[in-house]
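Report on the structure given below.
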Amino acid sequence: MTTRAVVIGVGHYLPERIVENAEFEQSLDTTDDWIRSRSGIERRHFAAEGQTTSDLAARAARDALQDAGIEADDLDAIIVATSTADLTFPSAATMVQAELGMTRGFAFDVQAVCAGFVFALANANALILSGQAKRVMVIGAETFSRIMDWSDRGTCVLFGDGAGALIVEAQTGNGTNADRGILSIDLNSDGRHRDILYVDGGVSTNSIGFLRMEGKEVFRHAVEKLAATATTALEKAGLNGSDVDWVVPHQANIRIIQGTARKLGLDMDHVVVTVQDHGNTSAASIPLALSVGKDRGQIKPGDLLVTEAIGGGLAWGAVVLRW
Numbered sequence: 004m005t006t007r008a009v010v011i012g013v014g015h016y017l018p019e020r021i022v023e024n025a026e027f028e029q030s031l032d033t034t035d036d037w038i039r040s041r042s043g044i045e046r047r048h049f050a051a052e053g054q055t056t057s058d059l060a061a062r063a064a065r066d067a068l069q070d071a072g073i074e075a076d077d078l079d080a081i082i083v084a085t086s087t088a089d090l091t092f093p094s095a096a097t098m099v100q101a102e103l104g105m106t107r108g109f110a111f112d113v114q115a116v117c118a119g120f121v122f123a124l125a126n127a128n129a130l131i132l133s134g135q136a137k138r139v140m141v142i143g144a145e146t147f148s149r150i151m152d153w154s155d156r157g158t159c160v161l162f163g164d165g166a167g168a169l170i171v172e173a174q175t176g177n178g179t180n181a182d183r184g185i186l187s188i189d190l191n192s193d194g195r196h197r198d199i200l201y202v203d204g205g206v207s208t209n210s211i212g213f214l215r216m217e218g219k220e221v222f223r224h225a226v227e228k229l230a231a232t233a234t235t236a237l238e239k240a241g242l243n244g245s246d247v248d249w250v251v252p253h254q255a256n257i258r259i260i261q262g263t264a265r266k267l268g269l270d271m272d273h274v275v276v277t278v279q280d281h282g283n284t285s286a287a288s289i290p291l292a293l294s295v296g297k298d299r300g301q302i303k304p305g306d307l308l309v310t311e312a313i314g315g316g317l318a319w320g321a322v323v324l325r326w
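In this note's numbering, the protein residues as written are 4 to 326.
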């Protein structure tokens, strides 16, 4: 018998303000058609003034707790993946812990930009397999609207705010790839490429920065690396593309999503796509897509899923799990 980290609940939250592409036409040399053709994005959500990343995360967390049918104190740990925490410290995770009224266990943040949720889920899996926790909530939450250069049409139209949450629980499996739960993980990073996607400010530089991106370079790396990490994760689980029911990718750009699916030999009918409605929500995009995919009736118990993401660092990875 083998211990597996099995998904028992999922939830999400999106801020009320919806920003259609046409809104950018008022201040930028851009159009709805230009944005759609290059990214697939039609709209995104922006947090309200005073609404923080931990606020969004807590709303998604409550949704996931309700879905799982448990209380906050039934959790052993909360991990928040974010690049836009409320403060330098303490962590957004401890703020969520307090907001939920969770008085036991522990909480911490993970920062791997758009790949953050994959890295956080890997941490949750390790905590469960090592016996340090039996039930862990993993949240991806971002307010990227706070780090946008609104004069840069190549970046500011791409990102949105939101949060998604997933709860995994230690359960016993047979040790085969037919088990429910996380079956394999592949993580990677390469700091040599940090200059193609970064924020040009921070605490130790004593400056306030904005997101900077070399779009063509990011695209080139993304399709190749996402397909490779997904393939590696499947191989680790003794599976291949034909076994996959759903790819739930980081929702950065429809062309990246389509290119990765082609490399995996899958058509788009097997891909959960939300980028048109949410934009790129960085670490929040995969758990958001998982929650929306479940709500739509796409993702069902027993389905084999591959999640993959790439972000600044560069950092990238994939998780194979059975729902």
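We put the CB at the ideal spot given by N, CA and C, even for glycine. For clarity, every value in this text was computed on a predicted model and none was experimentally measured.
Should residue i be labelled buried (16 or more other beta-carbon atoms within 10 Å of its own) or exposed?
i           : result
residue 187 : buried
residue 43  : buried
residue 47  : buried
residue 298 : exposed
residue 4   : exposed
residue 208 : exposed
residue 240 : buried
residue 304 : exposed
residue 49  : buried
Distance check for residue j and residue i, CA to CA, integer angstroms please.
i           : j           : result
residue 72  : residue 170 : 11 angstroms
residue 276 : residue 290 : 12 angstroms
residue 21  : residue 177 : 45 angstroms
residue 53  : residue 62  : 15 angstroms
residue 197 : residue 151 : 18 angstroms
residue 6   : residue 30  : 54 angstroms
residue 247 : residue 306 : 8 angstroms
residue 224 : residue 323 : 21 angstroms
residue 269 : residue 205 : 40 angstroms
residue 231 : residue 195 : 18 angstroms
residue 114 : residue 164 : 16 angstroms
residue 60  : residue 166 : 5 angstroms
State the DSSP-derived secondary structure class of residue i, mapped to helix, strand or coil.
i           : result
residue 216 : strand
residue 44  : coil
residue 290 : helix
residue 326 : coil
residue 97  : helix
residue 238 : helix
residue 168 : strand
residue 285 : helix
residue 185 : strand
residue 196 : helix
residue 335 : With the chain represented from 4 up to 326, any question about residue 335 goes unanswered, as that position is not in the structure.
residue 254 : coil
residue 13  : strand
residue 179 : coil
residue 232 : helix
residue 190 : strand
residue 301 : coil
residue 19  : coil
residue 308 : strand
residue 202 : strand
residue 320 : strand
residue 274 : strand
residue 328 : No answer is possible for residue 328: it lies beyond the span of the chain, which begins at 4 and ends at 326.
residue 313 : strand
With distances taken from CA atoms, which of the options is nearest residue i?
i           : options               : result
residue 250 : 317, 87 and 288       : 288
residue 153 : 135, 205 and 212      : 212
residue 124 : 168, 301 and 181      : 168
residue 34  : 210, 138 and 157      : 157
residue 74  : 252, 11 and 227       : 11
residue 66  : 79, 230, 36 and 17    : 17
residue 162 : 45, 227, 271 and 274  : 45
residue 86  : 294, 325 and 201      : 201
residue 99  : 316, 143 and 285      : 143
residue 131 : 105, 155 and 81       : 81
residue 256 : 147, 19, 112 and 221  : 221
residue 295 : 93, 280 and 262       : 280
residue 148 : 191, 113 and 214      : 214
residue 121 : 50, 51, 252 and 110   : 252
residue 326 : 286, 83, 228 and 300  : 300
residue 83  : 286, 101 and 316      : 286
residue 271 : 282, 244, 283 and 284 : 244
residue 79  : 91, 23, 109 and 25    : 109
residue 283 : 24, 218, 258 and 117  : 117
residue 129 : 160, 189, 319 and 318 : 189
Beta strand (DSSP E) runs wholly inside the stretch 106-165, at least 3 long, in chain order
109-113 and 138-146
Runs of 4 residues minimum, wholly inside the stretch 41-90: which ones carry the alpha helix (DSSP H) assignment?
56-71
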